[in-house]
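To get our numbering, take the position in the sequence shown, counting from 1, and add 10. Note that beta-carbon positions come from the ideal geometry of N, C-alpha and C, so glycine has one too.
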Amino acid sequence: MSWTTKKIVDQLTNVVEPSRIKIDTNDLQFYGNDWSNIGEPNPSAIVFPTSVKEVQAIVNLANKLNFPLVPSGGRTGLSGGALAKDKELVVSFDRMNKILDFNKSDALVTCQPGVVTGVLKDFAKLKGLFYPVDFASVGSSQVGGNAATNAGGVNVLRYGMTRDWIGGIKVVTGTGELLDLNRGLKKNATGFDFRHLFIGSEGTLGLIVELTVELTRPPKHLNVMLMGLKNIEHTTQALALFKEKLDLTAFEFFSDTAMRKVLEGKSLRNPFDHIYPFYVLVEFESYTEVQVNVASELFEMFIDSGYAAEGVLSQNLRQAGELWEFREGITESIASYKPFKSDISCRVSQTPAFLSSLEKTLSGFDPKIETVLFGHLGDGNIHINLLKPIHMDSEEFREVCKIISKSIFNLVKSFGGSISAEHGIGLTKKPYLNYSRDEAELNYMRGVKRLFDPKNIMNPGKLIDL
Ligand code: 2HG
Ligand code: ZN
11 MSWTTKKIVD QLTNVVEPSR IKIDTNDLQF YGNDWSNIGE PNPSAIVFPT
61 SVKEVQAIVN LANKLNFPLV PSGGRTGLSG GALAKDKELV VSFDRMNKIL
111 DFNKSDALVT CQPGVVTGVL KDFAKLKGLF YPVDFASVGS SQVGGNAATN
161 AGGVNVLRYG MTRDWIGGIK VVTGTGELLD LNRGLKKNAT GFDFRHLFIG
211 SEGTLGLIVE LTVELTRPPK HLNVMLMGLK NIEHTTQALA LFKEKLDLTA
261 FEFFSDTAMR KVLEGKSLRN PFDHIYPFYV LVEFESYTEV QVNVASELFE
311 MFIDSGYAAE GVLSQNLRQA GELWEFREGI TESIASYKPF KSDISCRVSQ
361 TPAFLSSLEK TLSGFDPKIE TVLFGHLGDG NIHINLLKPI HMDSEEFREV
411 CKIISKSIFN LVKSFGGSIS AEHGIGLTKK PYLNYSRDEA ELNYMRGVKR
461 LFDPKNIMNP GKLIDL
């Protein structure tokens, strides 16, 4: 290690005001960690730049002294991408949180990376528009972090991932150069689109210092239907039918164990008379009563054919929110079990086959480890949470889960799926990246990393090793 905290802090004071450098233990713990909680944070210091120039100066210093940087947004990631455990300097974007520009006719908003996702959503609303990327942590995640991890969420089925809403970004590469990528252009056929290399690169190529985000018209009226289903095949049959007849904004699913945990954890009342093996939550846009009637007819058809056992359709926005709680409350309800998380995807049409094979695979392991399945079925994205039995030692649980996740990843590979649909690779999934990307691809990824970050100072150890 050729740098020391003292050396970094001394020289940083030439670059930013001393009050924007933090070395208190509490700050190091807080800003050096993310929601994955997989290791002890141990950064050298935290720096809070306020301008692009300052970010460039920090990167130049890191190159000169050869110390690593960890970018830090809302730190809501679940894969350890923002964990600083090896004396890195954490670059927090908390003070770069301004909306810089808005152009109504382009429906484009330009902002700094530290703008909280919920603030951007509220800003869009104020302008009569809509920023559609949505997930449970919009209240703390930041737009820069969303872009760096290509965040997904519950509305991907209709609106796509974060990538689809980024009209332009400015980045400071690992060499300290400032790149202005795509500048909000809708059409631009001038060769490689570097913007998309940086989106989803988890801070390993450079730091995103400005974003131009596209907004759209808000959905007219959203309705939510929750159904209990007896069989996994029926979930994709429901998806196909509803998708054909309605403008779906979300199609989510969860298992019986997920329902039990959320009822208990959130003290909710079971909306149905029984617990069913699977639940689907369908959200759709209605323009008039016609769409609501179509949904009711489809539901009746489902009941008549024996697919759906019970169901409920929201009558107003408050009820829609209440139905969402059964799905969105799952993560929080199982947090006390210290779950081991996987976030996989396969083609939507293959999800029933995948889930049946998964059931077989998991039945070979300790039955005391409960499995909670849920996710964005409309996108083929399944969250698999393994729960630690109360009496199992944490270390033993982690070891067993590693073995189980290898079996899961083998299964994912056999389906041509992805070992991370939306949570990213970070540290937790780095050893398994080759289950989803072949060696030739990994070599090109290393080449790209070397090109933009030749000294390997940008979030080293995450996503891919050189
Ligand atoms: C969700 O879809 C999040 O609710 C979290 O991606 C998933 O807790 C999880 O595994
Ligand atoms: Zn999710």
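query	result
Taking the straight line between their C-alpha atoms, what separation do you get for Leu-38 and Ala-250?	49 angstroms
For Phe-40, report the span of its beta strand (DSSP E) as first-last.	Here Phe-40 belongs to no beta strand (DSSP E); instead the alpha helix (DSSP H) covers 35 to 41.
Please state if the CB of Asn-466 and the CB of Leu-473 are separated by a distance shorter than 7 angstroms.	no
Report the option in Met-106, Arg-105, Pro-142 and Ala-268 whose CA atom is closest to the CA atom of Ala-117.	Pro-142
Using a Cβ-Cβ cutoff of less than 6 angstroms, which residues in the same chain neighbour Asp-20 once the five nearest sequence positions on both sides are dropped?	none
Thr-60: which of Trp-45, Gly-91 and Pro-28 sits nearest, CA to CA?	Pro-28
Beta carbon of Gly-178, beta carbon of Thr-222: below 7 angstroms?	yes
With 16 other CB atoms within 10 Å as the buried threshold, where does Asn-395 fall?	buried
So Tyr-289 packs on Met-235, CB below 8 angstroms; how close in whole Å?	Their Cβ separation, rounded to whole angstroms, is 11 angstroms, which puts Tyr-289 and Met-235 out of contact at 8 angstroms.
Apart from the five residues on each side of it in sequence, which residues of its chain come closer than 6 angstroms, Cβ to Cβ, to Leu-207?	none
For a minimum of 4 consecutive residues, which ranges assigned as the alpha helix (DSSP H) are wholly contained in the stretch 406 to 464?	449 to 462
Secondary structure at Met-11, three-state DSSP: helix, strand or coil?	Legend: pLDDT at Met-11 = 49, less than 50; position of this residue unreliable, no value from coordinates given.
Which of the three DSSP states is assigned to Pro-51 in this structure?	coil
Note down the Cα distance separating His-393 from Phe-77, rounded to an integer number of angstroms.	35 angstroms
Figure out for me which residue from Asp-257, His-433, Thr-245 and Gln-360 has the closest Cα to the Cα of Asn-233.	Asp-257
Per the contact definition of three or more C-beta pairs closer than 8 angstroms, is the stretch 211 to 218 in contact with the stretch 105 to 112?	no
Spatial neighbours of Val-25 within its chain, please: CB distance less than 7 angstroms, with the 5 preceding and 5 following residues excluded, ordered by chain position.	Glu-64, Ala-67, Ile-68 and Leu-71
Evaluate contact between the stretch 360 to 374 and the stretch 333 to 346, counting only Cβ atoms and requiring at least three cross-stretch pairs below 8 angstroms.	no
By how many angstroms is the C-alpha of Phe-261 removed from the C-alpha of Met-11?	Interpretation of Met-11 is limited by its pLDDT of 49, a score under 50 that renders its predicted location unreliable; the figure taken from the coordinates is listed afterwards. Roughly 49 angstroms separates the two Cα atoms.
Measuring alpha carbon to alpha carbon, tell me which of Lys-412, Cys-411 and Arg-447 ends up nearest Ser-428.	Arg-447
Mind checking Ala-305: buried by the 16 CB within 10 Å criterion, or exposed?	buried
On the three-state DSSP scale, how would you describe Tyr-169?	helix
Just grab the DSSP bridge partners of Thr-497 for me.	The question about residue 497 has no answer here: the residues shown for the chain are numbered 11 through 476.
Under a Cβ-count criterion, where at least 16 other Cβ atoms within 10 Å of its own Cβ denotes burial, should His-401 be classed as buried or exposed?	exposed
Give the DSSP-derived three-state secondary structure of Thr-185 in the structure shown.	coil
Within 10 angstroms of the Cβ of Arg-205, are there 16 or more other Cβ atoms? Answer buried if so, exposed if not.	buried
Do you know offhand how far Leu-217's Cα is from Glu-380's?	39 angstroms
Within this structure, are the beta carbons of Ile-31 and Leu-99 separated by less than 7 angstroms?	no
For Thr-35 and Gly-87, what's the separation of their Cα atoms in angstroms?	22 angstroms
Buried or exposed: where does Gln-122 fall if 16 or more other Cβ atoms within 10 Å of its Cβ makes it buried?	buried
Tell me which same chain residues have a C-beta within less than 6 angstroms of the C-beta of Asn-52, skipping the five on either side of it?	Lys-95
Kindly indicate which three-state DSSP category Ala-386 falls into: helix, strand or coil?	A quick correction: the sequence has His, not Ala, at residue 386. In the structure shown, His-386 sits in a strand (DSSP, three-state: E or B).
Report the residue from Lys-423, Lys-440, Lys-378 and Ile-48 whose alpha carbon sits nearest the alpha carbon of Pro-399.	Lys-378
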